[in-house]
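Protein chains in written order, with my numbering: chain U, 417 to 743; chain G, 17 to 325. Even for Gly, the Cβ is constructed at its ideal location relative to N, Cα and C.
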Amino acid sequence: MKTSTRFWLLASSILVSLAVLTFLVHYRLIDRYLSRLLMLGAIQSIIALSLNLITGFTGQLSLGQAGFVGIGAYTTAIFTTQGWPFPLALIPSVGFAALAGFLVAWPSLRLRGDYLAIMTLGFGEIIRSLIINLGDLTGGASGFKDIPGFHADGDINRSIGFLWIFLSFILVTVLITNLIRSSHGRAILSVREDEIAARAMGVDIRRVKIGAFALSAALAGWGGALQAPFLNYLAPTSYDFLKSVDIVVILVLGGMGSITGTILAAFGLTLLQEWLRFLGDYRMVIYPLLMILMMLFRPQGLMGGREWSLWNLIARLGGKNREVRHG
Amino acid sequence: MTFFAQLLQQIVNGLALGSIYALISLGYTMVYGIVRLINFAHGDLLTIGAFIAYFCLVALGITPLTLTIAILLAMAVTPLFGYALERFAYRPLRDAPRINSLITAIGASILIENGLRVVPFIGTEFRRFPTMTTAQWILMQSTDEFGQLIKVTISQTQLLVFFVAALLMGVLVLIVDRTKTGKAMRATSFDMKAAALMGINVNRIVSFTFLLGSSLAAAAGVLFALSYPQIEPYMGIMPGLKAFVAAVLGGIGSIPGAMLGGLILGLAETLTKGFISSQLSDAVVFLILIVILMFRPSGLLGKAVKEKV
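Okay, structure coming up:
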């Protein structure tokens, strides 16, 4: 099939299914519960994809991703409470998160591995502690209450919210996929594989790292911005170290450097969390156990850097074997 | 005078807190020195130690004798958890990429925290740690301009913290500097492969290091619980992270560095609490971390390692 035909086929089928889904949500053919779960999964996917960019593709472990998410969420909450419409509030939210990412990237240039992870952890904790301390702006430790939704009318709010969240999810996925396939993406991957070799080949490591950090933080902020009108309430505990680790768990499970793997794991874990409700508190033991077992027995994750692709499936059924590989 | 007295009081408090941090960060630094792994679960060994002492003290009642028994029991039992952690989670990954063992360590940390939360006899609630009514000794006293009495005091608990911390650090330095096992530890941390070639049983040394570090963490846990008498499964996270910052500050891998880093961090924390804002103390600690990582990543007493190309 020609590339352009494939593109149009894919783009139109995605848009049509988005329209159909939104229609189903609006007329409650998908019930409230399921639609909330889907939205939660899509937001988690955006956040996990943002971490995948910096950790999976650029190879820099970030343990402070929840901090960037928090910046996006709180900025949106503050602006929409002031009466700004959500799309306008999205701009400063993504902007501030990107700025924070830029600030972290700067000192991180000198650090690698464990030290870098610790520094991002410290940065995340600083953001959390600022959220608690700026009580007048953020509601402090008791949380930010009564954040306006996507729309004042409840029914429209749900379908508009669904549309916003899934549109963002699609945009972020397309953005990262295309970035990784571009020459910038190859520079990013080369930094992960071998910094010294990359530098020898003329890759500007400083620029790649700063750019990747800022973009990753911006996307995390985008995910956070969607949380504010979706949840209507934000608590500083949702942006602490443990939440950053939750995002790492998604990445580990899905496979670092696999976009489809990350998305599958994000939706899968969100649904699993619901299905395993009958286990009560024992659920909390399953995730860390899963994390350790994955590292011991399948460190490359479920997808292991591979991508799941419809075209490959079709091609394989047709006897041809071609795979898209990033890892 | 008021300011000076307050400053002095915060310094006393800071040194007491700092000695606890120093005890914890020794475990981080020794483990990192040998296997190059940030043992995220180290702070949770502190929690386990505190809970062991708690059950011991609840069963026996609190007297100076039972407190000693509780500390010793915690120091004896907690290392079993540290050993299991190393044997089953970290050892299989010793040759894997560093990011894998780091993630495993984080997983182990959360496993212990949440594991404690689901254990029926521990659960999620906050428990009061048994304490003795302790005397306060007055170090200095004077009156301010309004005629009010200002005192600088040191409590028996703080003295106990100083004493136990100093004793344990002394013992540790003796073990590392004077015994054959200590020599093997130093050799292993210098070069694991070469140490193995010289006939050192590297696995045994790594296990021993984890035992030693967990034991110190357990003692620190009991001291921490005595100073801030409230315990729960998440109690180890913050002291653990701060002790890690202390280890980085002092120069990770360096034993005197961990002690110095612990004291500096304790002081920084109490001084922030006393003079700026009690809420901001966490932010200050992590700001110190970022500043030190930016300007002197090898820490105050650490050796800078040149990267070989």
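#### Entry: Collapsed DSSP secondary structure at G:Trp153 in the structure displayed
strand
### Neighbour-count burial assignment, G:Val307, 16 or more Cβ in a 10 Å radius
exposed
### Message
Does U:Phe657 come out as helix, strand or coil in the three-state DSSP assignment?
### Response
helix
### Query
Does any residue of chain U bring its CB to less than 7 Å from the CB of G:Met251?
no
### Task
Return the CA-CA distance between G:Lys196 and G:Leu190, expressed in angstroms with no decimal places.
11 Å
### Task
Determine, using beta carbons only, whether G:Pro95 and G:Leu281 come nearer to each other than 7 Å.
no
### Task
Figure out for me which residue from U:Arg528, U:Ile621, U:Tyr490, U:Gly499 has the closest Cα to the Cα of U:Gly511.
U:Tyr490
### Message
Closer than 9 Å between beta carbons: that is the criterion. Which residues of the region 59-78 of chain G meet it against chain U?
### Response
none
### Message
Let me make sure I understand the geometry here. Which of U:Gly472, U:Thr496, U:Leu465 has the alpha-carbon closest to that of U:Ala644?
### Response
U:Thr496
### Task
Please confirm whether U:Ser509 and U:Gly488 have their CB atoms less than 7 Å apart.
yes
### Query
Is there a Cβ from chain G that is less than 7 Å from the Cβ of U:Gly743?
For U:Gly743, the pLDDT reaches just 45, beneath the cut-off of 50, and the residue's location in the model is therefore unreliable, leaving the point undetermined.
### Query
Between the region 106-131 of chain G and chain U, which residues of the former have CB atoms less than 7 Å from a CB of the latter, in chain order?
Pro108, Leu109, Ala112, Arg114, Ile115, Asn116, Leu118, Ile119, Thr120, Ile122, Gly123, Ala124, Ile126, Leu127, Asn130, Gly131
### Query
Can we count G:Leu127 as close to the ligand HEM, meaning its CB is less than 6 Å from some heavy atom?
This structure simply doesn't include the ligand HEM, nor any ligand for that matter.
### Query
For the beta strand (DSSP E) that contains G:Ser171, what are its first and last residues?
165-171
### Query
Can you give the Cα-Cα distance for G:Ser35 and G:Arg202, rounded to whole angstroms?
24 Å
### Query
Which stretch, first to last residue, makes up the alpha helix (DSSP H) that contains U:Arg602?
599-609
### Task
For U:Tyr698, return the contacting residues in chain G, with the cut-off set at a CB-CB distance below 8 Å.
Val134
### Message
My output table needs one value for G:Thr195: the three-state DSSP class, helix, strand or coil.
### Response
coil
### Boundaries of the alpha helix (DSSP H) in which U:Ser466 is found, first to last residue
448-467
#### Entry: Cutoff 8 Å; reference U:Ala613; Cβ partners in own chain excluding five residues on either side
Ser606
### Query
Under 7 Å between C-beta atoms, does U:Arg668 make it to chain G?
Arg is not the amino acid found at residue 668 of chain U; the sequence shown has Val there. Output row for U:Val668: interface = yes.
### Task
Please classify U:Ser545: does DSSP put it in a helix, a strand, or coil?
helix
### Query
DSSP state of G:Ala32, grouped into three classes?
helix
### Query
For U:Leu669, is the classification buried or exposed, using 16 other Cβ atoms within 10 angstroms of its Cβ as the cut-off for buried?
buried
### Task
Use the C-beta contact count for G:Arg194: other C-beta atoms within 10 angstroms, 16 or more gives buried, fewer gives exposed.
exposed
### Message
Mapping the DSSP letters down to three states, classify G:Phe67 as helix, strand or coil.
### Response
helix
### Query
Using the C-alpha atoms, what's the distance from G:Ile115 back to U:Arg452?
34 Å
### Task
Starting from G:Ala299, find everything on chain U with Cβ-Cβ shorter than 7 Å and list it in chain order.
Ile542, Ser545, Leu546
#### Entry: Beta-carbon contacts of U:Phe582 that lie in its chain and below 6 Å, excluding the five residues immediately before and after
Leu434, Ala458
### Query
Of the residues that make up the region 275-298 of chain G, which ones have a beta carbon closer than 9 Å to any beta carbon in chain U?
Ser293, Gln295, Leu296, Ser297, Asp298
### Query
Which residues mark the beginning and the end of the alpha helix (DSSP H) in which G:Asn55 is found?
Element bounds for G:Asn55: n/a, residue is neither H nor E.
### Message
According to DSSP, is G:Arg114 part of a helix, a strand, or is it coil?
### Response
helix
### Task
Verify the CB distance criterion: does U:Leu712 have a CB-CB separation below 7 Å to chain G?
yes
### Task
Anything in the region 46-58 of chain G with a Cβ closer than 7 Å to a Cβ of chain U? List those residues in chain order, please.
Ile54
### Message
Using beta carbons (cut-off 7 Å, strictly below), is U:Leu469 in contact with chain G?
### Response
no
### Query
What first and last residue would you give for the alpha helix (DSSP H) that runs through G:Phe97?
80-100
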